[in-house]
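> I have a structure here, written as structure tokens, and I will follow up with some questions on it.
Chains as they are written, first to last, in my numbering: chain A, 1 to 307; chain B, 1001 to 1365.
Following this line, the structure appears as structure tokens:
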């Protein structure tokens, strides 16, 4: 290559890089406005002082962050760990993890079923999976409420059948929250799992059977390692909204069993403590961030790196 | 012969029908095959002839709708693949991409619950067998197609299967590598003494490698025999046509004497011909003559066949000559270039044809 053609090539390369940046401007702008911007506002609010009727006073205060982890007794001013917040965060994390695991257990066979249909039938099944998205989540929450309340469908049927003599309390329990959360988040698990399973070379499954692997061993040693990217994507997509879910715990948990989403909402509503709400939100973001880093890193380590 | 007569696989009246009602498709019907121990047996046929379906039935990925498949006398047709001591080399190798070469080879033994030490030793043995020792810790995506082929072979052989099934294993390789692997497969078969059932649509591959060949079409076995039998004594038009080039002539049967018969060609010439053992030829028959079993000669009144050279193609070792017969059909001759220089005939020449002894075979249909 001569010096001139080299220069021309690098100029073309530079131009290409420039045009790529230009092309991605709308996306970058959207991310900046819709994601980074609000996060910065929340971050700023978390270090301001609460106003008397909500809102904030524009003066620096560490009170919001202090209150995330500690509480000051109103009578004797003693400082203790804010165990209510820790409990709620722990509860939320626990329920989100269980939701993710349940979604995986229910979603995997579902996605496998769809992926193993004839290609022209798959789109019908996928379409059916997306049907719940047509209805508002609030409505679906109330529908579940109707089914599991004491005089609801489930209890009535069970009592008519003579399985139980008195209604089982299902509504306003963790069971109700989990049921609702699994139901709402299931498509978010099924779709990425399906995307991975659809690409799976079923000849590898046959090769596994041929080499004396039973069905369970084929699942464990061949299918799961190969669809790991889908499992990771689905788990993230379910875990994050599940951790911060607000509507479902509110409707089906009855507001007794707070989750972190409800706690944050409380600070912006009745609590009139916007800085604490903002600080709690940031705390949640940080927890999610670390959970994801940990999860992806570990999943990547044990997975065979087949992306 | 060693104890080769013992049967490794007996296929008894196997059929496979897909779907039901009007949409029913018969992939295989009434297949009978006896595959001997330590044999290199090839299922040969065009795509869609059912050869891969038959292999999948033996492997256990599919189940027959009729008949049974015996492995050393035991009916394995209803068993799932992981309960059959039979392993497969897949067409596209189907190596596990998330495992190393050594892990792939050891997988079968691991699933059989063999002790670690034994697995390690056997994997090393297999790596040596296919000359892949240096690659043991590579991921399978990091090795070439030919190397993947070797790993697939080693992986299938590691659990010491009673029968090894090979589903067009060489079709993805380029010509030179394919030739190499043909030799390699024969060597491995001889060294391991395992019965190989090999599926291919490539007639040269089948002729070069097999002890016996079953030619299949439309879900049926057309003929089973040693390569020379399939080539020189085809029983049916399909077999004669599918394997190599052939000339078809119509003739009348004049007399039968043991395994030989005399036929009269349409121009009145008499010719001796062999015929398949399971028929008694009579009346009008079709005979086949391979192009290399006919020779050009100077025209003469006594010639068996006469014609005019249509064209000649020089192919290095051979010359390919197409002769137009008086009835306007084309008779193809392949003549070896035994001496330096042109063969002494050119297009448009009137020529006579002579046929080698024993070269004509009567077909069943």
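Glycine included, each C-beta is placed from N, C-alpha and C at the ideal position. Small disclaimer: the values here were computed from a predicted structure and weren't measured.
1) Does DSSP classify residue 1113 of chain B as helix, strand or coil?
2) Thinking residue 58 of chain A and residue 43 of chain A are a contact (beta carbons under 8 Å), I'd like their distance in whole angstroms, please.
3) By DSSP, does residue 208 of chain A sit in helix, in strand, or in coil?
4) Three or more C-beta pairs under 8 Å: does that hold for the segment 215 to 222 of chain A against the segment 235 to 247 of chain A?
5) Can you list, in chain order, the residues of its chain with a C-beta nearer than 6 Å to that of residue 65 of chain A? Leave out the 5 residues immediately preceding and following it.
6) Looking only at its chain, what residues have a beta carbon closer than 8 Å to the beta carbon of residue 234 of chain A, apart from the 5 residues adjacent to it on each side?
7) Classify residue 1093 of chain B as buried or exposed, calling it buried when 16 or more other Cβ atoms lie within 10 Å of its own Cβ.
8) Taking C-beta to C-beta, are residue 1337 of chain B and residue 1319 of chain B nearer than 8 Å?
9) Out of A/15, A/13, A/270 and A/249, which one is the CA nearest neighbour of residue 92 of chain A?
10) Kindly indicate the opening and closing residues of the beta strand (DSSP E) around residue 1299 of chain B.
11) Would you list the one or two residues that DSSP bridges to residue 1286 of chain B?
12) If we define contact as Cβ-Cβ less than 8 Å, is residue 210 of chain A a contact residue for chain B?
13) Ordered along the chain, which non-local residues of its own chain (more than five positions away) have a Cβ less than 6 Å from that of residue 1207 of chain B?
14) Can you pull the chain A neighbours of residue 1087 of chain B, defined as C-beta to C-beta under 8 Å?
15) Go to residue 1034 of chain B, then tell me how far its alpha helix (DSSP H) extends in each direction, as first and last residue.
16) Rounded to whole angstroms, what's the CA-CA distance from residue 303 of chain A to residue 3 of chain A? Just pull it up for me.
17) I want to know whether the segment 1154 to 1172 of chain B touches the segment 1075 to 1094 of chain B - three or more CB-CB distances under 8 Å.
18) With DSSP run on the structure shown, which of helix, strand or coil describes residue 159 of chain A?
19) Does the beta carbon of residue 306 of chain A sit closer than 8 Å to a beta carbon anywhere in chain B?
20) Given a limit of 9 Å on CB to CB distance, which residues of the segment 214 to 241 of chain A reach chain B?
21) In the DSSP assignment, find the beta strand (DSSP E) that holds residue 1010 of chain B and state where it starts and stops.
22) If we ignore side chains and look at the alpha-carbon of each, how far apart do residue 14 of chain A and residue 35 of chain A end up?
23) Would you report the Cα separation of residue 238 of chain A and residue 169 of chain A, rounded to the nearest angstrom?
24) Using 8 Å as the threshold, is the segment 254 to 262 of chain A in touch with the segment 124 to 143 of chain A, meaning 3 or more CB pairs across them?
25) For a contact defined as C-beta to C-beta under 7 Å, what are the partners of residue 204 of chain A on chain B?
26) Starting from residue 1087 of chain B, follow the alpha helix (DSSP H) in both directions and report where the run begins and ends.
27) Check distances from the C-beta atoms of the segment 133 to 145 of chain A to those of chain C and list, in chain order, the residues that come in under 9 Å.
28) Would you please verify whether the beta carbon of residue 1002 of chain B is less than 8 Å from any beta carbon of chain A?
29) Could you tell me if residue 1006 of chain B is buried or exposed, where buried requires 16 or more neighbouring beta carbons within 10 angstroms of its beta carbon?
30) Less than 8 Å between the beta carbons of residue 1334 of chain B and residue 1292 of chain B, yes or no?
31) Between residue 1254 of chain B and residue 1359 of chain B, which are expected to be in contact by the criterion C-beta below 8 Å, what is the C-beta distance as a whole number of angstroms?
32) Take the Cβ of residue 1175 of chain B as the centre, count every other Cβ of all protein chains shown within 10 Å, and call the residue buried at 16 or more, exposed below.
33) Report the neighbours of residue 29 of chain A on chain B: residues whose CB is nearer than 8 Å to its CB, in chain order.
34) Using only the alpha-carbon positions, how far apart do residue 1303 of chain B and residue 1023 of chain B sit?
35) With a cut-off of 8 Å, does the C-beta of residue 1135 of chain B fall near any C-beta of chain A?
36) Under 8 Å Cβ-Cβ, which residues of chain B neighbour residue 299 of chain A?
Inspection of the coordinates gives the following:
1) coil
2) Not quite, the Cβ-Cβ distance comes to about 15 Å (not below 8 Å), so this is no contact.
3) helix
4) no
5) 279
6) 103, 104, 107, 188, 189, 190, 191, 192 and 193
7) buried
8) yes
9) A/249
10) Taken as a continuous stretch (DSSP letters only), residue 1299 of chain B belongs to no beta strand (DSSP E), as it is neither H nor E.
11) B/1250
12) yes
13) 1227
14) 210 and 211
15) From DSSP, residue 1034 of chain B is part of no alpha helix (DSSP H) but of the beta strand (DSSP E) over 1025 to 1036.
16) Since pLDDT at residue 303 of chain A reaches only 46, below the 50 mark, its modelled position is unreliable, and the value read off the structure follows with that caveat. Near 46 Å, if we compare the C-alpha coordinates of residue 3 of chain A and residue 303 of chain A.
17) yes
18) helix
19) With a pLDDT of 41 at residue 306 of chain A, under the threshold of 50, the modelled position of that residue is not reliable, and the figure given next carries that caveat. So, interface residue.
20) 214, 215, 217, 218, 221, 222, 225, 226 and 228
21) 1007 to 1018
22) 29 Å
23) 27 Å
24) no
25) 1094 and 1096
26) Not the alpha helix (DSSP H): residue 1087 of chain B falls in the beta strand (DSSP E), residues 1086 to 1089.
27) Of the chains in the structure shown, none is chain C; the protein chains are A and B.
28) Confidence at residue 1002 of chain B is low in this model, with a pLDDT of 47, below 50, so the placement of that residue should be treated as unreliable; the coordinate-derived value is given next. So no, residue 1002 of chain B is outside the interface.
29) exposed
30) yes
31) Contact flag wrong, Cβ pair sits at about 18 Å.
32) exposed
33) Those within 8 Å of residue 29 of chain A in chain B number zero; the least Cβ separation is about 39 Å.
34) 55 Å
35) no
36) What residue 299 of chain A touches in chain B: nothing, since even the nearest Cβ is about 13 Å away.
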